[in-house]
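Take a look at the structure below.
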Amino acid sequence: MWVQSPTGRSCNLLADVASRSLSVVVCRAEMAGVLSQSISQVAILAPNWLGDVALALPSLQTLVKARPETTLHVVGRAPFGEVVNLLSTPRLKHHSCAQNNRERRRLLQDINPDAVILLSGSFRSAWIARGLGNIRIGTRTEGRGWLLTHAIPRGTSRPRPTCELYADLVEVAVGRRPKRPKRLVPEDPKPARSGVVLVPGASRDNKKWPESRFVDLGQKLQASGHAIMLLGAPEENARLCALSEHIPRSRVICENSLHAALLAIRNAAVVVGNDTGPRHLATLFGTPCV
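First residue of the sequence shown? That's 8 in our numbering, and the numbers climb one at a time after it.
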């Protein structure tokens with residue numbers, strides 16, 4: 008039974024104030040992020056797709072700014088290091104790793120991180136990072152929550168943009184939410200743009216615009232005086248070369264290195280493509296994209 012008395016009310020009030028004060032302290036601690044300002048080494052397991060790596064750049068920028076004394080080690084596929092290096096900061100280091108789980112784990116052990124941020128949502132990535140560092144931050148997917156110290160829910164059963172999922176992790180890590188992507192190329196002076204980049208490929212057939220439409224578009228643009236570049240992954244080389252026969256003087260770019268692709272996207276007047284990595288890179292470069 009609750010007995011109302013001046014003393015009881017005072018005790019209750021003090022308890023309520025203490026509880027609220029504790030909540031404020033907890034909220035402020037969460038806002039500061041779980042990674043301390045003095046943390047030395049943080050490993051980041053990168054996603055496996057080019058587009059996802061491009062979408063992760065704003066999150067990497069936020070991590071760099073929020074923890075200026077921390078070295079961030081991005082572990083991912085070899086070609087994607089060229090994308091990470093677009094941020095041009097010495098404290099952001101890319102480590103190329105093999106597909107073998109044992110070699111990836113050995114690489115992480117050599118880094119000896121204080122914390123691990125898993126941008127990759129697979130169980131495999133969490134298993135590779137198991138027990139490494141005092142903090143392991145990742146989304147709660149594929150039953151891997153028990154391998155993480157901070158398992159972040161996806162927030163909704165509906166699909167969310169990949170960049171939002173990355174932003175959730177970064178906000179937990181450093182207390183700051185990444186803003187909209189900033190251009191990697193200064194607006195002034197503006198780059199001299201010319202040529203049209205066509206990207207006919209995609210990871211799934213249901214993401215593809217018919218190839219015949221790309222051919223028709225390429226022919227019409229070329230007839231109007233525009234140089235045409237067909238861009239794709241190395242395994243798409245034969246296919247794009249076949250398409251290029253219908254677009255005379257078009258250039259095919261399907262190299263293991265991303266240097267030529269990045270240069271083409273950066274300097275293009277426009278990129279026309281499916282829902283693939285080059286489209287997200289075009290956004291970061293400020294290149295118009297259709």
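Using N, Cα and C, we set each Cβ at its ideal position, and we do this for glycine too.
Beta-bridge partners of THR146 (DSSP): ILE159. In this structure, the beta-carbon distance from GLN48 to PRO120 falls below 8 Å. If you check the CB distance, HIS101 and GLY83 come in under 8 Å. Note that the C-beta distance between HIS287 and GLY58 is below 8 Å. If you draw a straight line from the Cα of ALA240 to the Cα of ALA53, it is about 19 Å long. The way I'd put it, the segment 237-251 does touch the segment 205-225; three or more beta-carbon pairs between them come closer than 8 Å. Annotation for ALA199: no beta strand (DSSP E) segment contains it, and DSSP assigns it neither H nor E.
Of the candidates SER251, ASN281, LEU139, VAL41, SER251 places its Cα closest to the Cα of ASP223. By the 16-neighbour rule on beta-carbons within 10 angstroms, SER66 is buried. Secondary structure at THR169: helix, using DSSP grouped into helix, strand and coil.
In this chain, the alpha helix (DSSP H) harbouring SER132 covers 130-135.
The secondary-structure analysis by DSSP pairs ALA50 across a beta bridge with HIS80, VAL123. For ARG273, there is no enclosing beta strand (DSSP E); the enclosing alpha helix (DSSP H) has its first and last residue at 266-274. A direct Cα-to-Cα measurement between GLY284 and SER95 gives close to 20 Å. Using a Cβ distance threshold of 8 Å, LEU99 and VAL90 do not count as a contacting pair.
In this structure, the CA atom of ARG137 is about 18 Å from the CA atom of ALA105. Distance from the CA of ASN141 to the CA of ALA122, rounded to the nearest whole angstrom, comes to 6 Å. Contact check for LEU70 against VAL179 fails: the beta carbons are separated by 8 Å or more. In the three-state reduction of the DSSP assignment, ILE260 falls in the strand class, which pools E and B. In the displayed model, ILE254 falls within coil according to three-state DSSP, outside both helix and strand. Rounded to the nearest whole angstrom, the CA to CA distance from LEU238 to ARG258 is 8 Å.
Burial is judged here by how many other beta carbons sit within 10 angstroms of a residue's own beta carbon; ARG220 has fewer than 16 and is exposed. With distances taken between CA atoms, ALA73 lies nearest to LEU42 out of LEU93, PRO86, LEU42, PHE87. For the pair PRO160 and ARG147, the CB atoms are nearer than the 8 Å cut-off. Judged by DSSP in its simplified three-state form, LEU139 adopts coil rather than helix or strand. LEU237 has LEU205, VAL259 as its beta-bridge partners, per DSSP. LYS186 sits in coil when the DSSP states are folded into three classes, being neither helix nor strand. The beta carbon of LEU154 sits closer than 6 Å to those of ALA133, ARG137, all from its chain and outside the five residues before and after it, given in chain order. Secondary structure note for SER66: its alpha helix (DSSP H) is the uninterrupted segment 57-73.
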